[in-house]
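*Asks:* One structure is given below, represented as C-alpha cells, and several questions about it will come after.
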Amino acid sequence: MGKNIVLVLNAILYNRGSEALARGLVQICKQADSTCSITLASNDKGFKKKANLPQVDKYISRIDPNLAIKCLAAGFGRILHMQKLSVQIAYHELLRSVSSADLVIIVGADNYDAHYNGVDSMHELNLAIAKRTGCKKLLYDCSLEKAHMTSAVLEDIGMFDAVTARECITLENFRCVLPPDKLYYFPDPAFLMEPEEVLLPKGFQEGNMVGVNLSGLVLQPAYGGSEELILQSYINMIDYILQNTSMGVALIPHVMNGADICALDKIYANYTNNNRVVYSRNEQLSAPQIKSIIAKCGLFVGARTHATIAAYSSCVPTLVVGYSVKSIGIARDLFETDEHFVLPVSKLQHVDALKMGFSCLYKNRASIKARLEACIPIYKEKAAATAELIQKLL
Numbered sequence: 002m003g004k005n006i007v008l009v010l011n012a013i014l015y016n017r018g019s020e021a022l023a024r025g026l027v028q029i030c031k032q033a034d035s036t037c038s039i040t041l042a043s044n045d046k047g048f049k050k051k052a053n054l055p056q057v058d059k060y061i062s063r064i065d066p067n068l069a070i071k072c073l074a075a076g077f078g079r080i081l082h083m084q085k086l087s088v089q090i091a092y093h094e095l096l097r098s099v100s101s102a103d104l105v106i107i108v109g110a111d112n113y114d115a116h117y118n119g120v121d122s123m124h125e126l127n128l129a130i131a132k133r134t135g136c137k138k139l140l141y142d143c144s145l146e147k148a149h150m151t152s153a154v155l156e157d158i159g160m161f162d163a164v165t166a167r168e169c170i171t172l173e174n175f176r177c178v179l180p181p182d183k184l185y186y187f188p189d190p191a192f193l194m195e196p197e198e199v200l201l202p203k204g205f206q207e208g209n210m211v212g213v214n215l216s217g218l219v220l221q222p223a224y225g226g227s228e229e230l231i232l233q234s235y236i237n238m239i240d241y242i243l244q245n246t247s248m249g250v251a252l253i254p255h256v257m258n259g260a261d262i263c264a265l266d267k268i269y270a271n272y273t274n275n276n277r278v279v280y281s282r283n284e285q286l287s288a289p290q291i292k293s294i295i296a297k298c299g300l301f302v303g304a305r306t307h308a309t310i311a312a313y314s315s316c317v318p319t320l321v322v323g324y325s326v327k328s329i330g331i332a333r334d335l336f337e338t339d340e341h342f343v344l345p346v347s348k349l350q351h352v353d354a355l356k357m358g359f360s361c362l363y364k365n366r367a368s369i370k371a372r373l374e375a376c377i378p379i380y381k382e383k384a385a386a387t388a389e390l391i392q393k394l395l
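The numbering of the sequence shown is the numbering used here, which starts it at 2 and goes up by one.
Set out below in C-alpha cells:
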C-alpha cells in the first residue's frame, strides 16, 4: 500500500499560478511513489470541481469553509486570546488529515513575504501540524527576500525537516540561516505542467503575437509603482509594437476573479477598434489552457510569476515586470543575470522604460530563444528531481 502525502497550499484556484504549481507538485509526488495517496488542502473548496486533478485522491479545505466556524475561530483568537484553540477549530479538517500522513508538504512560495502579513497565523498552523503528526515535514518552493527574514520567520522555517528554495537568491538567503542538510534547491514545479490545447482568441496569429500580462497587484503603491505610470508604460509599449513590428498583441490574464482583468480592461479600452490587439478574457480557462495560448506567442511580457513561467517553460522569450525576489532569482537561474530580462516595478520611473525593455527583447529574441531551448530541459529535470527528496523523506 502506498504512502499518504498531504499537500498544503495557501492557495485559491482562481489564481492559475496556484493551479499550475499544484499540478506540477502532484506529478512530482507520483513520480516519487506511483502508489502514494495524495490529499490536497487548499483555501478553495472548488478546487476539486474545477481543477479535478486525476492523481489527487482527496480534496480538503485548508481552513474551514463554513463562515460561522471561521467567525467562531476568529472570536476565540481575538477576544479570549486562545490562538491555539482557534487554530484547532478553523483547521480541524486539515489537522485530522495530517495525523495519518507519512509526509506533509507545505508550499511556502512567497507566503512569508511581509506584504502578506501572514507569518503569525502560518506559524500557529505549522505548530499545530507538528503536534498532530510525527511524520517528516517539507517546506517547499520558497521565495523570500533577506529583509523579510525576521526572527518569527526563521523560527517557523526552522521547524521543518527540509526546506527548498525555488531560485538562487532565496537559496543564498537561506544558506545564512539553515544547516546544509536541511536546505535544497529545486525550480518551481509549474515548469513541468503540460499545456492543454484550446481555441485561440479570434485574430490570434500563432507565433506572431506578443503576449501581455498585467497584474492588479503591481498597480498597488506597496510595490513601489504608480498605477497611472504603469498603465501608460504598457500602452506606450503596445503602441511601439504596433508601429514598429508586424506582431500583434494578446492580452492574457493569469489570476481570475477580476484580479488581472481589472488592469487589462483599462489597457484594452485603448485598442477596441484595433484588430491586431486581441484579448483572452475568458476566466474559465484552466492553467494548462492558458499555457497553451502563451506557448503560441512569439514573445511575452508579463507581471504574474506563473504566467512568465508558462512562457519560459515553452521557450518563449520573456520580459518580466517584476515585483518580488522570485522573478529576479528565476531570471538569474536561466540567464545568469536579470539585466534586460526583469524590469522591477519600483524602477519604472518613466513611461518609456517598458517600451525600451521590449525593444531589447525584440532585437535579441533569436538568441534568447536559443538560450531557453538549451537550458529549459535541464531546468525541468532539476524541478522533477524533487521526487528524490520526497522519496528520502517518506
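By construction, the Cβ of each residue, glycine as well, lies at the ideal position given by its N, Cα and C atoms.
(1) What is the DSSP secondary structure of K383, reduced to helix, strand or coil?
(2) Take the Cβ of P289 as the centre, count every other Cβ of all protein chains shown within 10 Å, and call the residue buried at 16 or more, exposed below.
(3) Report yes or no: do the segment 264-271 and the segment 228-237 share at least 3 C-beta pairs separated by less than 8 Å?
(4) Output the distance between the C-alpha atoms of M257 and G208, rounded to the nearest integer angstrom.
(5) Taking C-beta to C-beta, are G303 and M248 nearer than 8 Å?
(6) Determine, using beta-carbon pairs with one atom in the segment 17-35 and one in the segment 112-130, whether at least three such pairs fall under 8 Å.
(7) Measuring only the C-alpha atoms, how far is Y380 from L335?
(8) Using the C-alpha atoms, what's the distance from E229 back to D189?
(9) Would you say F187 and K327 are within 8 Å of each other, going by their C-beta atoms?
(10) For I391, does the count of other Cβ atoms within 10 angstroms reach 16, so buried, or fall short, so exposed?
(11) What residues in its chain sit with their C-beta under 6 Å from that of K267, if we drop five residues either side in the sequence?
(12) Could you pull the start and end residues of the beta strand (DSSP E) that N214 belongs to?
(13) With H, G and I counted as helix, E and B as strand and the rest as coil, what does DSSP make of N16?
(14) Measure from the alpha carbon of S144 to the alpha carbon of each residue in L355, Y324, G3 and G217, then state which is nearest.
(15) Please classify C37: is it buried, with 16 or more other beta-carbons within 10 angstroms of its beta-carbon, or exposed?
(16) Apart from the five residues on each side of it in sequence, which residues of its chain come closer than 6 Å, Cβ to Cβ, to G25?
(17) Need the endpoints of the beta strand (DSSP E) that V7 sits in, please.
(18) Expressed to the nearest angstrom, what Euclidean distance is found between the alpha-carbon atoms of A148 and T171?
(19) Check whether the Cβ of P254 lies closer than 8 Å to any Cβ atom in chain C.
(20) Rounded to a whole number of angstroms, what is the C-alpha to C-alpha distance between Q221 and D34?
(21) Please report how far the alpha carbon of G217 lies from the alpha carbon of G3, in whole angstroms.
(22) I'd like to know if the segment 126-137 and the segment 91-102 are in contact, where contact means that at least 3 CB-CB pairs between them fall below 8 Å.
(23) With A223 as the anchor, note down where its beta strand (DSSP E) starts and where it stops.
(24) Where do the N-terminal and C-terminal ends of the alpha helix (DSSP H) with A296 fall, by residue?
(25) What did DSSP end up calling L201 once you bin it into helix, strand or coil?
(26) Have a look at S281 and D240 and give me their C-alpha separation to the nearest angstrom.
(27) Report the option in C263, L41 and S62 whose CA atom is closest to the CA atom of L54.
(28) Measure the alpha-carbon distance for H82 versus S152 and round it to whole angstroms.
(29) Measure the alpha-carbon distance for M160 versus L179 and round it to whole angstroms.
(30) Nearest by alpha-carbon distance to H341: which of H351, V352 and I329 is it?
(31) Quick one: what's P345 bridged to in DSSP?
*Replies:* Looking at the coordinates:
(1) helix
(2) buried
(3) yes
(4) 25 Å
(5) no
(6) The segment 17-35 and the segment 112-130 do not touch, with fewer than 3 CB-CB distances between them shorter than 8 Å.
(7) 8 Å
(8) 32 Å
(9) no
(10) buried
(11) L232
(12) Run containing N214: none; DSSP gives neither H nor E here.
(13) strand
(14) Y324
(15) buried
(16) P190, A191, L193 and M194
(17) N5 to V9
(18) 11 Å
(19) No chain C is present in this structure, which holds just one protein chain.
(20) For Q221 and D34, the distance between alpha carbons rounds to 42 Å.
(21) 42 Å
(22) yes
(23) Careful: A223 lies outside any beta strand (DSSP E) and carries neither H nor E.
(24) If you look at A296, you'll find it in the alpha helix (DSSP H) that goes A288 to A296.
(25) coil
(26) 19 Å
(27) Nearest in C-alpha terms to L54, of all of C263, L41 and S62, is L41.
(28) Reliability of the predicted coordinates at H82 is poor, the pLDDT of 49 falling under 50, and no value is obtained from them.
(29) 11 Å
(30) I329
(31) G323
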